[in-house]
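A quick write-up on the structure given underneath.
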Amino acid sequence: MEAISFVVIAIIICSLAYSFLKKVPVSHMIVLSNFIIFLLTLPHLPLSDLAFRPSYLHSYRIYTIFTSMFLHGDFSHIIFNMIGIIFIGFPFEHQVGAKKFAAIYFISGFFAAIFYALIEGGNTYLIGASGAIFGILGAFAAAYPFKKVAVPLFMPIIIFMRLPVVAVALLYAGIETLYTFSGVTDGIAHSAHIGGFVAGVFLSPFIKMRIEKKSVEVERLRGFVATDRQREIYKKAMDADEPELREAWISYLLNEISCPECGGKLEIKDGEIYCRNCGYRK
């Protein structure tokens, strides 16, 4: 494996780890790491090490399903994909939280590559984040169809319109389906887009799934709020008008506050504020 490939893998791992450790939105770090990797690999793209091929499904190089999501072939490729994350991914993560966003993004990207392999076969390289982005679009549209998002329309000048996410999803999914089954060969992996989109739709129930009861009155967390950042998150949780969005902000807040008895991490268990470290309950 080339030295640049190790650097790229390190950037991917470090950016995601930093996101979760420092509570930086995952979508923001994905955009940043994609641009850094693009600039680093501009002189030489390590396709054989990091891009995905259908034949890699039966070898140790299956890891390239993941690394290929961070490679882009040219300037227009990365710009269009990052615009997708900014205008669709940012509001989606804001709606559902970092963990669910990351899970849907990478699982959709995985199934996008699998669907591409099944439809296309051969040894053509697959790179880019678009399969994962279409997964986010599918999940967003299935879970919050009438939520409006800003969409750039590329005309002689760029015009921004706010449209229901379901309208955006139907438009792009329709175009990609047409391209996939019409046999157009334009160098774009349309089948991967369809695979990612369908995966996102099927993953959408996960957005509202709760492994354990996490509902708690936001007001009960007020006594644990001490810093300006915590107060800002608390206010957003209080102002949230949808249960899922409120839960996402409560999760962010729980990562920021600590147990008044031992300084440990607080969580919600059976509707109570609970410290696993010392057993504190409220």
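All residue numbers for the sequence shown refer to the numbering used here, where the first residue is 35 and numbers rise by one. Beta carbons: idealized from backbone N, C-alpha and C, even for Gly. These numbers come from a predicted model, not from an experiment.
Proximity below 8 Å, CB of residue i to CB of residue j
i, j, result
"G169", "A147", "no"
"S53", "V60", "yes"
"G131", "I167", "no"
CA nearest to the CA of residue i, picked from the options
i, options, result
"V252", "S238, Y268, F240", "Y268"
"A226", "L79, I64, S142, H106", "S142"
"F135", "G313, F240, C293", "F240"
"Y153", "G257, Y213, N289, A271", "The question names Tyr, but residue 153 in the sequence shown is Ile. When each option's Cα is compared against that of I153, the closest is Y213."
"L74", "N289, I46, E306", "I46"
"I302", "A175, L255, I191", "L255"
"H62", "Q264, Q129, M116, C312", "M116"
"E210", "K316, L171, A44, K270", "L171"
"K57", "L79, G155, A274, W283", "W283"
"E295", "F100, H128, F258, E36", "F258"
Element boundaries [alpha helix (DSSP H), containing residue i]
i, result
"K56", "37-56"
"I138", "132-154"
"L66", "60-74"
"F109", "109-118"
"Y318", "Residue coverage of the chain in this structure runs from 35 to 316, which leaves residue 318 outside it and unanswerable."
Where residue i falls: helix, strand or coil (DSSP)
i, result
"A207", "helix"
"Y178", "coil"
"Y314", "coil"
"K299", "strand"
"P88", "helix"
"A223", "coil"
"I307", "strand"
"Y183", "According to the sequence shown, residue 183 is Val rather than Tyr. Strand at V183."
"S292", "strand"
"L255", "helix"
"L212", "helix"
"L81", "helix"
Beta strand (DSSP E) segment containing residue i, residue limits
i, result
"M103", "Run containing M103: none; DSSP gives neither H nor E here."
"I241", "Per DSSP, I241 belongs to no beta strand (DSSP E) and is neither H nor E."
"R196", "192-198"
Exercise. Would you check if the stretch 101-114 and the stretch 58-77 touch, i.e. whether three or more CB-CB distances between them fall below 8 Å?
Key: yes
Quiz item: Should the stretch 155-163 be regarded as contacting the stretch 80-93, the criterion being three or more beta carbon pairs within less than 8 Å?
Solution: yes
Quiz prompt | Stretch pair the stretch 195-208 + the stretch 177-187: three plus CB contacts closer than 8 Å | solution = yes
Quiz item: Taking one C-beta from the stretch 220-239 and one from the stretch 126-143 each time, how about it: are there three or more such pairs within less than 8 Å?
Solution: yes
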